[in-house]
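Report on the structure given below.
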Amino acid sequence: MSGLIGKKLGMTSIFDVNGKQVACTVLEVGPCVVTQVKTSDKDGYSAVQIAYGDAKEKNTPAALKGIYTKANTTPKSKMAEFKGFEQTLAVGQTLTVDLFEVGEFVDVVGTSKGKGFQGVVKRHGFSGVGMQTHGQHNRLRAPGSLGASSDPSRVFKGMRMAGRTGGTRVKKTNLEVLKIHKDQNLLVVKGAIPGHKGSIVLIEK
Amino acid sequence: MDAIKFVEQEFTEGKTFPAFNAGDTINVHYKIREGAKERIQQYQGIVLQRRNSGLNETITVRKISNGVGVERIFPIYSLNIDKIELISRGKVRRARLFYLRAAKGKNAKVKEKRG
């Protein structure tokens, strides 16, 4: 799967060919620089490492600086590896949003918005107790039973409970590419993608 | 330039409408596609509100059709809107005229703004 690194810029809605209004997300995609090409002979697997975004030189570790110097580029803020680029790439080459085509379906990987410590209703979609009256008191959004009693005398591992919600890696698959603006490095995909505005995402195809 | 505005610009550019507000009477020419044929339907009524901004702006237009109140919501930059005509200006004191739904008789009328 090949792909690029980008940034979520926000959502809007546009009109499609039939005049239908569709919700869409605007992404800044690339330009990405190829920083390393890993081969199965040398590294044990083949992949292409690309970098995106600007970082300050003083905040870049010396080891990374070496990689960027070899690729003949300035320090970057985000790196990712992709396996399965169709074309052969050389270190230092720049990849742009040209990689994608309008009408194509892409996957977007991002970090979902962190929601903090949440109960089971929000976290796992439990329906709660269901009634406000008939003797219910302060248990409207409670999880209910955790299992049987003396047999097994314990709570099974993986029981869905309250806890930290969101802030995890989420992949949204099969999003249609609606528009590409090459000069501005913009990609418009149908629907929503995980994460905040300004968060870094991987766009795979 | 703001990237979102740039994406929206493609759809808003070149489209101009007469300046109208809530209370004004307008005529919306709406394209209707029937198979391969396309015809234009006119819908005339009072603007109850203008909502959102930019590409996503919509208008709510109310008219009385055969004694029944009808409201339609149009996205004003919709590709199906051929044109919008301003028929008359209304003298109103608020931006959202939902009181017209319950109003009866003289109250349900919007006075025309002159001059």
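For the protein sequence lines, the chains are A and B, in the order given. Start counting the first sequence at 1; every next residue gets the next number (our numbering). Start counting the second sequence at 1001; every next residue gets the next number (our numbering). Even for Gly, the Cβ is constructed at its ideal location relative to N, Cα and C. As the structure is a prediction and not an experimental result, all values here were calculated from the model.
The residues Gly1054, Leu1055, in chain order, have a CB closer than 6 Å to that of B:Glu1008 in the same chain once the five nearest residues on each side in sequence are set aside. In chain order, Leu9, Gly10, Met11, Thr12, Val26 make up the part of chain A whose C-beta sits under 9 Å from the C-beta of B:Ile1004.
In the displayed model, A:Arg164 falls within a strand according to three-state DSSP.
By the Cβ neighbour-count rule, A:Tyr68 is buried, with 16 or more other Cβ atoms within 10 Å of its own.
Secondary structure at A:Thr88: coil, using DSSP grouped into helix, strand and coil. In this structure A:Glu86 is in contact with A:Ser2, their Cβ atoms being roughly 7 Å apart against a cut-off of 8 Å. At a C-beta separation below 9 Å, B:Leu1048 has no neighbours in chain A, since its nearest C-beta there lies roughly 20 Å away.
Nearest C-alpha to A:Pro143 among A:Val188, A:Phe156, A:Lys197, A:Gly125: A:Gly125.
Looking from the CA of B:Glu1010, the closest CA among B:Arg1094, B:Ala1022, B:Leu1079 belongs to B:Leu1079. Using a Cβ distance threshold of 8 Å, A:Ile193 and A:Leu187 do not count as a contacting pair.
Here DSSP, grouped into helix, strand and coil, assigns B:Thr1012 to helix. Segment contact: the region 76 to 94 of chain A against the region 33 to 50 of chain A, three or more CB-CB distances shorter than 8 Å; contact assigned. Between A:Met131 and the set A:Arg141, A:Glu104, A:Arg123, the nearest pair of CA atoms involves A:Arg141. Taking 8 Å as the threshold, the shortest C-beta distance from A:Gln21 to chain B falls below it.
Neighbours of A:Lys179 across chain B, judged by C-beta separation under 7 Å: Val1007. At a cut-off of 8 Å between C-beta atoms, A:Val97 does not count as an interface residue with respect to chain B. In the three-state scheme derived from DSSP, where H, G and I count as helix and E and B as strand, B:Leu1086 is classed as strand. Three or more beta-carbon pairs separated by less than 8 Å are not found between the region 157 to 164 of chain A and the region 93 to 102 of chain A, which leaves the two stretches without contact.
A:Leu99: not part of any beta strand (DSSP E); DSSP gives it neither H nor E. C-alpha of A:Lys65 to C-alpha of A:Pro31: approximately 19 Å in a straight line. Boundaries of the alpha helix (DSSP H) harbouring B:Ala1102: 1099 to 1102, taken from the DSSP string. Neighbours of B:Ser1078 in chain A, taken as residues at a C-beta separation under 9 Å, are given in chain order as Phe15, Gly19, Gln21. Spatial neighbours of B:Lys1091 in its own chain (CB-CB distance under 6 Å, excluding positions within 5 residues in sequence) are listed in chain order as Lys1111, Lys1113. Under the DSSP assignment, A:Asp41 falls in the alpha helix (DSSP H) whose first and last residues are 40 to 43. Considering only A:Gly114, A:Lys78, A:Lys58, the residue with the shortest C-alpha distance to A:Val170 is A:Gly114. Looking from the CA of B:Val1047, the closest CA among B:Lys1104, B:Ala1095, B:Gln1041, B:Ala1102 belongs to B:Ala1095. Approximately 16 Å separates the beta-carbon atoms of B:Ile1084 and B:Ile1032; this is outside 8 Å, ruling out the contact. Counting along the chain, A:Arg123 sits inside the alpha helix (DSSP H) bounded by residues 120 to 124.
Spatial neighbours of B:Arg1089 in its own chain (CB-CB distance under 6 Å, excluding positions within 5 residues in sequence) are listed in chain order as Asp1024, Lys1113. In the structure shown, A:Val22 adopts extended strand secondary structure according to DSSP, grouped into three states. Boundaries of the alpha helix (DSSP H) around A:Leu64: 62 to 70.
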